[in-house]
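In the numbering used here, the protein residues as written are 1 to 687.
All C-beta atoms, glycine included, are put in the ideal place defined by N, C-alpha and C.
Taking it in order: structure first as structure tokens, then the write-up.
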Ligand code: ADP
Ligand code: MG
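Right, dumping it as structure tokens:
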């Protein structure tokens with residue numbers, strides 16, 4: 001069996017070298033890989049409509065014929081193909097972006113189903129970028145949800161589906177190592193059924209069941225790992241002597257601003273940890289900009305004042321360097337006698353060696369860095385505190401690594417993702433939790449509006465007028481490029497639509513995850529310098545883009561995102577002195593009241609915790625938004641909001657398993673040892 005799973009794609013019928021290479025480009029090499037290459041979404045195709053029933057903004061299908069030659073207009077970098085579609089009750093337009101060849105591939109005067117987004121231009125209805133089907137074929141695909149896979153140039157959805165179908169034919173042979181008592185207890189599908197339904201469900205209910213199986217597995221793995229790290233670590237007496245506080249107090253009283261209530265609370269929580277009987281871990285959550293850095297600085301000062309070292313670990317070199325420079329200047333400003341060092345991957349070998357030495361001798365008080373900090377060579381004289389910035393679940397492990405380097409230090413995790421307290425308590429079990437809910441007083445509230453797609457043109461006008469005042473804008477779309485049949489705006493086509501209507505003087509650019517790192521960096525720096533006025537981007541801007549001059553955030557298909565992601569995206573504006581705006585375009589059908597209700601939370605509140613709580617409340621099992629997860633906490637399949645119930649179940653099961661069989665020695669539990677060691681991103685329990 002393992003042979004089948006590990007065999008290269010080429011062994012599947014109909015897969016040649018060329019196709020295999022294209023799959024390889026997407027990181028898919030083996031049968032195992034393709035089986036876990038789950039569709040990113042599913043489409044259910046609607047009944048064809050008559051043109052009187054079309055609503056602007058919706059995805060719809062219409063039966064008709066192109067009656068005149070398609071007109072192709074070419075611009076410098078793109079083209080627009082415009083056709084007239086005759087239907088039973090009149091004519092509408094069809095338009096394709098960058099597909100000049102469509103003119104020659106369509107059979108004029110042959111009836112097709114045109115499926116695409118309905119829009120309006122100059123009072124005339126049109127279907128944008130429609131996919132074409134022969135009427136009989138269309139009826140066929142309406143029978144089942146159609147999987148939509150991530151695609152690459154030269155490898156389209158149909159071809160991918162075909163290869164997956166081949167791979168699925170061998171799936172029945174795969175054994176399921178998940179103990180059957182758990183499957184029964186939680187009413188979960190067997191592995192082979194789950195794999196099959198994940199790719200080819202008869203209904204969306206099937207899909208929910210299939211996804212549950214994998215989400216549960218992922219959660220069980222998460223808890224097993226977290227629990228086993230805890231083993232023997234939870235009660236370590238606090239032998240640090242942290243009584244001195246004069247220097248810390250003095251600095252606190254000299255800060256250039258008044259600390260917010262939330263910051264004061266966080267600091268006092270940390271100080272009470274420092275004087276508690278045991279070593280503790282604390283999670284400090286708070287929106288971007290709530291001021292977690294100064295809280296960290298004060299905590300580290302308190303350590304230094306008492307003769308202990310602290311380490312601050314950031315996820316990127318850029319962030320680590322920022323922190324380092326900030327701390328360095330603070331130490332100068334407050335005339336402190338402490339030493340700071342920066343340790344990252346790009347620190348020279350010579351500097352590294354010297355830092356290792358000075359950490360071991362106790363000469364350095366604060367070390368700021370990236371993962372380079374947890375390398376074997378790093379050892380400390382008297383490490384008292386480790387702070388991990390912007391970490392989600394993987395911060396949990398760091399404590400163990402540092403405790404292996406000597407005495408177990410206090411540990412603080414900083415997170416900019418406010419999640420509901422109930423979820424945090426389950427996920428960060430054993431940790432103390434502080435929520436910083438107040439933002440510094442000088443922050444402006446971002447004016448937020450929820451609009452439907454008919455207001456898109458108005459929104460663009462508003463963007464233009466902001467740009468004329470010298471500001472900049474972000475427009476976020478859920479997709480990168482036109483992928484066959486996929487709903488939702490994509491950055492590539494969207495930029496073209498914009499160019500079509502905007503004055504030439506306004507410079508736009510796209511940004512998305514498929515671009516090479518240096519291309520991305522170049523675009524970001526051109527946006528930061530003001531050269532680009534509108535950045536049309538996917539959610540990649542969630543991390544690491546800071547342009548205070550950007551005052552508008554417009555988000556297309558906003559209902560497709562989690563509220564927390566939307567909140568995070570909105571946080572990209574409102575960073576400068578000017579009033580900022582956020583426009584959420586809700587393209588859900590009008591009858592979907594829940595979508596609107598959810599989005600209105602963002603209009604009502606700027607408090608990430610409130611928004612997260614509401615997201616949890618409003619997200620019922622019926623509100624299934626596909627298998628594309630939000631990526632929160634670094635999970636592959638799990639969405640902590642959607643899977644809140646599974647979260648509790650998996651944790652309960654994990655505790656039970658470990659209680660009865662702490663070393664996981666029983667034969668039926670062997671699988672969990674494998675699970676624990678296997679690392680992330682492999683979601684088949686026994687693969
Ligand atoms: P985050 O919580 O996202 O890490 P930072 O610590 O980077 O936020 O703080 C964001 C900005 O707010 C910094 O420029 C910081 O100096 C400033 N700041 C922090 N606390 C306050 C406060 N209480 N009043 C005014 N400005 C503050
Ligand atoms: Mg920060």
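{"query": "Let me check understanding here. Comparing Cα to Cα, which of 6, 160, 588, 533 lies closest to residue 174?", "result": "6"}
{"query": "Scan the region 223-300 and note each continuous beta strand (DSSP E) run of 3 residues or more that stays entirely inside, going in chain order.", "result": "281-286"}
{"query": "Quick check on this structure: which residue in 284, 310, 369, 282 has the alpha carbon closest to the alpha carbon of residue 321?", "result": "369"}
{"query": "Which residue spans inside the region 499-580 form an unbroken beta strand (DSSP E) run of at least 3?", "result": "508-511, 534-537, 550-555"}
{"query": "Helix, strand or coil: how does DSSP classify residue 671 here?", "result": "helix"}
{"query": "Would you list, in sequence order, the uninterrupted alpha helix (DSSP H) runs of no fewer than 4 residues that lie entirely inside the region 54-137?", "result": "102-105"}
{"query": "Assess contact between the region 453-465 and the region 307-318, defined as three or more Cβ pairs (one per stretch) separated by less than 8 Å. Is contact present?", "result": "no"}
{"query": "Is any non-hydrogen atom of the ligand ADP found closer than 6 Å to the C-beta of residue 438, if you look at the structure I gave you?", "result": "no"}
{"query": "May I ask whether a heavy atom of the ligand ADP can be found less than 6 Å away from the beta carbon of residue 539?", "result": "no"}
{"query": "From the DSSP output, which residues share a beta bridge with residue 341?", "result": "367"}
{"query": "Return helix, strand or coil for residue 178, following the three-state DSSP convention.", "result": "coil"}
{"query": "Would you decide whether residue 254 is buried or exposed? Buried here means 16 or more other CB atoms lie within 10 Å of its CB.", "result": "exposed"}
{"query": "Looking only at its chain, what residues have a beta carbon closer than 7 Å to the beta carbon of residue 167, apart from the 5 residues adjacent to it on each side?", "result": "12, 31, 34, 35"}
{"query": "Indicate the three-state DSSP secondary structure (helix, strand or coil) for residue 378 in the structure shown.", "result": "coil"}
{"query": "Across the region 218-225 and the region 644-657, are there enough close Cβ pairs to call them in contact, namely three or more that are closer than 8 Å?", "result": "yes"}
{"query": "Between residue 10 and residue 3, what straight-line distance do the alpha-carbon atoms span, to the nearest angstrom?", "result": "13 Å"}
{"query": "Does the region 91-108 come within contact of the region 62-74, defined as at least 3 CB pairs closer than 8 Å?", "result": "yes"}
{"query": "Return the chain-ordered list of same chain residues with a C-beta closer than 7 Å to the C-beta of residue 394, the five sequence neighbours on each side being excluded.", "result": "Any reading at residue 394 must be qualified, since the residue scores a pLDDT of 49, below 50, and its modelled position is unreliable; the value itself is stated next. Only 634 meet the Cβ criterion."}
{"query": "For the region 409-458, list the alpha helix (DSSP H) runs that are entirely contained and at least 4 residues long, ordered along the chain.", "result": "421-427"}
{"query": "Measuring CB to CB, does residue 570 end up less than 7 Å from residue 548?", "result": "no"}
{"query": "Is residue 292 near the ligand MG - that is, is its Cβ less than 6 Å away from at least one heavy atom of it?", "result": "yes"}
{"query": "Cα-Cα, which of 362, 364, 250, 403 is closest to residue 374?", "result": "403"}
{"query": "Check the C-beta distance from residue 537 over to residue 491 and give it rounded, since I have them as a contact under 8 Å.", "result": "6 Å"}
{"query": "Give the DSSP-derived three-state secondary structure of residue 688 in the structure shown.", "result": "The requested residue 688 is not part of the displayed model; the chain covers only 1 to 687."}
{"query": "What are the start and end residues of the alpha helix (DSSP H) that includes residue 610?", "result": "608-618"}
{"query": "Touch check for the region 107-120 and the region 66-83: three-plus C-beta pairs under 8 Å?", "result": "yes"}
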